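S.K.: Handing you a structure now.
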Amino acid sequence: MQRFFERLLTMDRRIIFVVIFLALSVPIFLQIKIDIQVTSEVQILYDALNELSRGSRILVSCDYDPGSEPELQPMAESGFRYFIENDLKFIIIGLWPQGPLQANKALEMISEVNEGFVVEDGDTLYFGHDLIVVGPDTIRYGIDFINLGYQVGQELVIQRMGSSFGAAFPNDSWYGRPIGEFSIMDGLNKLSDFDFIYNLSAGYPGTYEWVQFAVDRFHVPVGAGNTAVQAPLVYPYLDTGQLSGLLGGMKGGAEFEKLVGYKGRATLSMVSQTAAHIFVILFIVIGNIAYFATRGKQSKRGL
Amino acid sequence: MNRILLSISLIIILPFVVWLAHKGPGESSVSYPPYDLVVMSTPGDSAGSITLNWFSLEGDDETAQAFPEYKILRSEAAEEPFDEIGVVSFDSPRATPKTRQFRDTTAVIGPSYFYKVSCQTAEGIIESNIYGPVQSVAQPPGEEPIEIKDIILFPPTQLRVFDTPDDNGHSITLEWKISPNDIPKSLMFNGYDIFRSTSQDGPFERVGETTGGISDQERGVKTLADGKEVRDGTSYYYYVEAKWNGKTARSNIAGPVKSRQQWFHTGRGVSLVLLGILITSILFYINYAKAGKKLFIRKIAGLEAVDEAVGRATEMGKEILFIPGIQDMNNMQTIAGLTILGRVAKMAAEYETKLDVPVSRSLVMVAAREIVKEAYLNAGRPDFYNDDMVYYLTDDQFGYAAGVDGHMMRRKPATIFYQGAFFAESLILAETGNSIGAIQIAGTAMPAQLPFFVAACDYTLIGEELFAASAYLSKEAKLLGSLKGQDVGGKLVFFSMALVFIILATIASFSDSGLIAKIARIFSVN
Amino acid sequence: MGDLADTFSDWYSIISAFAIWLGALNLMKISIEKVSKKQKDWFFAIATIVSFLLIVIVGFFFSGGRQFLDLGTRFDWLYRYIYSPLSATMFALLAFFVASASYRAFRARNAQATVLLLAAFIVMVGRTPFGDWMSSMLFLPEGWRISNLTNVIMNYLNVAGQRAIMIGIALGIVSTSLRIILGIERSYLGGE
Amino acid sequence: MELSGEIGFWIAAFFTIGIASFLYKDNPFYKFCEAVFVGISAGYWFVSLYFQNMLPKLFDGLGITYMFGLWDEKGAIQDVLAGQWNINILHILALVLGIMMLMRLIPSIGWISRWPLSVIVGSTAGLWMVTYFQSNFLSQLRQTVIPLFDMNKIHGLAEVGTNLAAQGKLIPFDIYFGAYLGNIVLIVGTLTGLIYFYFSKEHKGALGGAAKVGIYFLMITFGASFGYTVMSRMSLLIGRLYFLFGDWLGLVR
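Chains as they are written, first to last, in the working numbering: chain A, 866 to 1168; chain B, 164 to 689; chain C, 30 to 221; chain D, -12 to 240.
Shown next, in the form of structure tokens:
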């Protein structure tokens, strides 16, 4: 037994590497189910979305970059999936330069078919991803969704949208056409014409600014997804009701996926992450047990 | 005994000095009458009526019963007497949740008017500011007749412009009392546009925009710095326009104002005093030590181990690997790391042990070569030096880590130093170094990486110890004196200031919370 | 001050852009020496030379000049499929190293190490569902769980320690800067 | 999928596995990836530094590119010739210093490179001295000057308590702690931590005791920051695994 503990103490670190690798990758394949408890802040967001009637228009603001991809990308994917399944139209913008590109990536990810797309008046616009098919649903660029790209100006962009949406985002980002050409924009003149704002944020500008300007000034409900580091900072807005739900980190993403009924990367990664975490904790415990077991022996020898 | 007296007097006098050096924010030019009355000729009313707008009194809300009404008073001169021209009762419809409006339809075109509002409350009569002179002007008719429940967009007022203090020019600060329509959570407001001109008569050009709301809570004003192509020395005029729903309302024109560069930051008086004390103290102890006075410096375990670590590499006939971080020469941590390299190189030269310094910046390569060469020269071993001991890998963080990792695995150095600025690669390097059984001595001032070095290295110089290392290793009196100086002029001062002001703040916390904010602001840097 | 700082920072950028020639030439020199002298692993030095020249030539001549970083350029292709996976993987190795370092380092050898271990342990446990599970096993009421203890450690004990470190760093930098400006510390230029 | 993208995924996967193979042991596969990594990243920075530092700051800033019609904005040289001061004209000095730096290539006059080095080190020392004193020393002092008890929070506890009691919950431990002990812990931790760094007095007696408390605070800080980052480090690796199993092999979505 003593020998065992001594060996354990000087264990080849490659054993640890293998365990961590397995802990992270096995759940990806096995799609293990762990029961994720849906916390109230995620439920609030889901309920708020559920109350929207069909055809409601949602502003999706992607305020993050690839650095936060593991945490926020699943929220974008499950969000889009939910919008598509429930016939909600969405308009993508970004207060971070890379945000709208991340949104494109998320759409690509959930789309099952990519096809060319002909606009009603016969003008061909070929891009390759114009038609997005998710299960039985098909959505079209410019009619059911649109990507308006990034705009400089942080919270001022929000303020500008308050008086005139077109002033803040004159053109779409895929074709550089005036937004008036797309039917999805009919009647969308200012921020308060939107029914909901879905904000994915990794810092400034982000959820804090959306709450301050969009909610407080223009009374559009905002639901947000945040990185785990960012989430505690906007937590207080939940209590005051200024924020209509919050997805915090990978765990929040996984809870949302559970509600949406789509097992995405957050759910799968949650298991991986938790498993790896538990193994690290276990290693620490084992290391200490082995340490005490051998130290006791050594001190006796010393006597 | 003397020293104790000195310390006590330091503790007592210093906070006062700091208090004196502290220059509070400039006096506000903005006035705060209880109602904040603003009066203007009604826009869109060709009959030339005048509209008054003021913030409603406390208690004037849906539940109000106690105070019956506001009296509207008018005069044709700023002095008394004012005549009552109307009343607004508390139960009348209101313009916005926080404001009241009154339309004076008896004003005639011609004379100038002055207005004020008063109200009999339980505490007595409260009167607003006197606003005027205002003249009735027949405004071009609007599309629809204006009713009292319609919201009139009022302009921001009391616009003041001044050169942004304590900066390097190219910036002018605007400060204004927000429009009465600019109410938190109001849907009826879209922010402000800033207009600028080089002459009072224009043309004015829109140079910026900003959101609504008060930015300086304490003084109740909105401030904004205009830094858009502001040329130093040019006179500018400004006005600010409130906007809502396509309507605008412009403030007074303020100016002329010129921006200029300030060499000394007046608000940083405290900073200057404290920095001055620190520098004086360091200089004093450097001289003190130069004069041959003995100074005690406590043992720093990580630095005591340097000798042993270099010795071990010698015994084992293996090399010493020195990593000066991944930042360039414009980072003090790199420079501190290189000063340590100088000491280590000298030891290595004396012990005739091979030294290996991969670097991730070209400038660091040049500097490190100079240092190592000089160290070998000083140790009397210039023949052992060779430029290839210091070599460049790549500027890239992880590319560098990959290269160094491979190097460690192949050459298996006996001793590894990590001294400088590190980021996420810290643990990648330190774990690899650990796996080959090297003695590792790390030192960095990156707080986020310290835990990883502490976990994976044998010794870690924490923050300040990195900067003290060169002095400690050299054992030179002058350098050791500077350590004593930073203890006395920095830590002791911090301690005494903190103690005195914490006591003050604690006392204040039981009586007046405004005082705490004032105390804290003494040390604010802006 | 600000203008001066900007100017110096620009100077630094420009000088470092010159200096990278020294570094790059040094890298090439060492690699070529390795190949010509047929030193150990000389074959890999060829890979370094080729990949360096490849990206430099592509970057300067085949990627649209100033727009070299734009999506779809050849430089971007090299960046996306070679540089970026290499970099991301190296970064990802941290997950393994974090695990092996915590196994080895977090042992209750003495009082200090025990404190280190406990803080790390509580924070790690408090941030996973595992912590909530453990809390409910111990019948801890809501609000008095391990995650709440984690908050206390992160927001108070951790912040206090960070502050002490930051103040020390400020003093160290002032003192070192002063020594350099006064010319007492000359070892950075090799002189004693 | 375009062909170049498909090939790209295979190349990316090759390098991903190559770097990861280092975990097992040093091997030729890793050596190759390492060599490519060093070369490609050095080249990446070489190109970037030219296009992002040298070209815009030196050539555009001075107006050299404008002179040759390669850029449409005037630079400092044109401004100064037109009688208007432009601080960028000082970049000429940087150009001189940069060239002095390259003198390294000629061993006999290599010592000239000490000049630009001294300029950088000297200006860094001066700038850092002031900025760090303000940002790290003064602002930390400001945040340490707080009352021992946060009366606002203590008064707030009662309200929070009744609200939560209505839902049958307790006041969270961290809120209690923050109100009563938070400030004291911050003050004691900062001051004792500072004492640990005190170099010029032997750490014994009361000072030694305080320094010891300080070390414990530092240890908690290190432990907590370590524990806090474990989660995010794991997510980095998950990202790579998804690349391998999903984007490349298509085994998972």
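Cβ atoms here follow ideal geometry from the backbone N, Cα and C, with glycine treated the same way. No experiment lies behind these values; they were computed from the predicted model shown.
Is it buried or exposed, B:Asp208, if we count other Cβ atoms within 10 angstroms and call 16 or more buried?
M.R.: With 16 or more other Cβ atoms within 10 Å, it is buried.
S.K.: Determine the direct distance from the alpha carbon of B:Ala241 to that of C:Val188, and round the result to whole angstroms.
M.R.: Distance between the alpha carbons of C:Val188 and B:Ala241: 58 angstroms.
S.K.: Measure how close the beta-carbons of A:Ile885 and A:Ala1141 come, nearest whole angstrom, since I'm counting them as under 8 angstroms.
M.R.: Contact flag correct, Cβ pair sits at about 6 angstroms.
S.K.: Quick check on C:Met163: does DSSP put it in helix, strand or coil?
M.R.: Helix at C:Met163.
S.K.: Alpha carbon to alpha carbon, how far is D:Phe136 from C:Thr36? Give it in angstroms, no decimals.
M.R.: Taking the straight line joining both Cα atoms gives about 46 angstroms.
S.K.: Please classify B:Arg574 as buried or exposed, where buried requires at least 16 neighbouring CB atoms within 10 angstroms.
M.R.: Classification of B:Arg574: exposed, given that the 10 Å Cβ count is below 16.
S.K.: Which same chain residues end up closer than 6 angstroms to C:Ile84 when comparing Cβ atoms and leaving out the 5 residues on each side of it in sequence?
M.R.: Taken in chain order, the residues that qualify are Leu107.
S.K.: Measuring alpha carbon to alpha carbon, tell me which residue in B:Asn292, B:Ser281, B:Asn216, B:Gln302 is nearest B:Arg266.
M.R.: Nearest option by C-alpha distance: B:Asn216.
S.K.: Using 8 angstroms as the cut-off, classify the Cβ of C:Arg109 as near or not near the heavy atoms of the ligand ATP, replying yes or no.
M.R.: Absence of the ligand ATP from the depicted structure is noted, as is the absence of any ligand whatsoever, leaving it without description.
S.K.: Mind checking which residues open and close the alpha helix (DSSP H) that includes A:Asn915?
M.R.: Here the alpha helix (DSSP H) through A:Asn915 covers 905 to 915.
S.K.: Evaluate the contact criterion for the region 385 to 404 of chain B versus the region 355 to 362 of chain B: three or more CB pairs, one atom per stretch, below 8 angstroms.
M.R.: Verdict: yes, contact present.
S.K.: With DSSP collapsed to three states, give me the class of B:Ile604.
M.R.: The answer is strand: DSSP assigns B:Ile604 an E or B state.
S.K.: With 9 angstroms set as the bound, which would you pick, yes or no: does the beta-carbon of A:Leu1013 sit closer than that to a beta-carbon of chain C?
M.R.: A:Leu1013 does not count as touching chain C.
S.K.: What is the rounded straight-line gap between the Cα of B:Leu458 and the Cα of C:Gly190?
M.R.: Going from the Cα of B:Leu458 to the Cα of C:Gly190 covers about 28 angstroms.
S.K.: Three-state secondary structure (DSSP) at B:Pro246?
M.R.: Here residue 246 of chain B turns out to be Asp, not Pro, going by the sequence shown. B:Asp246 falls in the strand class under three-state DSSP.
S.K.: Using the rule of at least 16 other Cβ atoms within 10 Å of the residue's Cβ for burial, across every protein chain shown, is B:Asp470 buried or exposed?
M.R.: Exposed, by the Cβ-count rule.
S.K.: List the residues of chain C that B:Gly583 touches, going by C-beta distances under 8 angstroms, in chain order.
M.R.: The contacting residues do not exist; B:Gly583 stays about 12 angstroms from chain C at best.
S.K.: Rounded to whole angstroms, how far is the Cβ of C:Phe73 from the Cβ of D:Ala29, which I believe are closer than 8 angstroms?
M.R.: The pair is not a contact, with the Cβ atoms about 14 angstroms apart (cut-off 8 angstroms).
S.K.: Are there three or more Cβ pairs, one per stretch, closer than 8 angstroms when the region 635 to 647 of chain B is compared with the region 602 to 620 of chain B?
M.R.: These segments do not touch.
S.K.: Let me confirm a value: A:Val891 is counted as buried when at least 16 other C-beta atoms fall within 10 Å, else exposed. Which label applies?
M.R.: By the 10 Å Cβ count, A:Val891 comes out exposed.
S.K.: With which residues is B:Glu403 paired in a DSSP beta bridge?
M.R.: Note on residue identity: the sequence assigns Val, not Glu, to residue 403 of chain B. Per DSSP, B:Ile357.
S.K.: Just checking: is the beta-carbon of D:Asn150 within a distance shorter than 9 angstroms of some beta-carbon in chain C?
M.R.: Judged by the 9 angstroms Cβ criterion, D:Asn150 is not in contact with chain C.
S.K.: Looking only at C-alpha atoms, which of B:Thr578, B:Phe630, B:Ser525, B:Leu322 sits nearest to C:Leu54?
M.R.: Nearest C-alpha to C:Leu54: B:Ser525.
S.K.: Taking only beta-carbon atoms, is C:Ala149 less than 9 angstroms away from chain D?
M.R.: Chain D contact via Cβ: present.
S.K.: So, is A:Thr989 buried or exposed, given that buried needs 16 or more other C-beta atoms within 10 angstroms?
M.R.: Unreliable placement is indicated for A:Thr989, whose pLDDT of 42 sits below 50; the coordinate value is still reported in the next sentence. Looking at its Cβ environment, which holds fewer than 16 other Cβ atoms inside 10 Å, A:Thr989 is exposed.
S.K.: Do B:Gln560 and B:Ile486 come within 9 angstroms of each other at the CB atom, strictly closer than that value?
M.R.: It is not a contact, given that the beta carbons lie outside the stated cut-off.
S.K.: Curious, which full-length beta strand (DSSP E) runs of at least 3 residues does the region 915 to 939 of chain A contain?
M.R.: Counting only runs of 3 or more, we get 922 to 928.
S.K.: How about B:Ala618 and B:Thr497: are their beta carbons less than 9 angstroms apart?
M.R.: In this structure, B:Thr497 does not lie closer than 9 angstroms to B:Ala618 by Cβ.
S.K.: Could you tell me the alpha carbon to alpha carbon distance between D:Ile171 and A:Phe1047, rounded to whole angstroms?
M.R.: The straight-line gap from Cα to Cα measures roughly 60 angstroms.
S.K.: With distances taken Cα to Cα, identify the nearest neighbour of B:Phe580 among B:Ala468, B:Ile289, B:Gln264.
M.R.: The shortest C-alpha separation from B:Phe580 is found at B:Ala468.
S.K.: At a Cβ cut of 7 angstroms, what residues of the region 1017 to 1035 of chain A count as close to chain B, listed as they run along the chain?
M.R.: The region 1017 to 1035 of chain A vs chain B, Cβ under 7 angstroms: Glu1020, Leu1021, Gln1024, Gly1027, Ser1028.
S.K.: Count the other CB atoms, across all protein chains shown, that sit within 10 Å of the CB of B:Met495; report buried if there are 16 or more and exposed otherwise.
M.R.: Label assigned to B:Met495: buried.
S.K.: Would you report the Cα separation of C:Asp105 and C:Val87, rounded to the nearest angstrom?
M.R.: If I take the Cα positions, the gap works out to 10 angstroms.
S.K.: In this structure, does DSSP put B:Thr327 in helix, strand or coil?
M.R.: It is coil, neither helix nor strand.
S.K.: Just the chain A side, please: which residues come within less than 7 angstroms of C:Arg136 by C-beta, in chain order?
M.R.: Ordered by position in chain A, the residues that pass the 7 angstroms Cβ test against C:Arg136 are Gly1152, Asn1153, Tyr1156.
S.K.: At a CB-CB cut-off below 8 angstroms, which residues of chain A make contact with B:Ser598?
M.R.: Per Cβ cutoff of 8 angstroms: Arg878.
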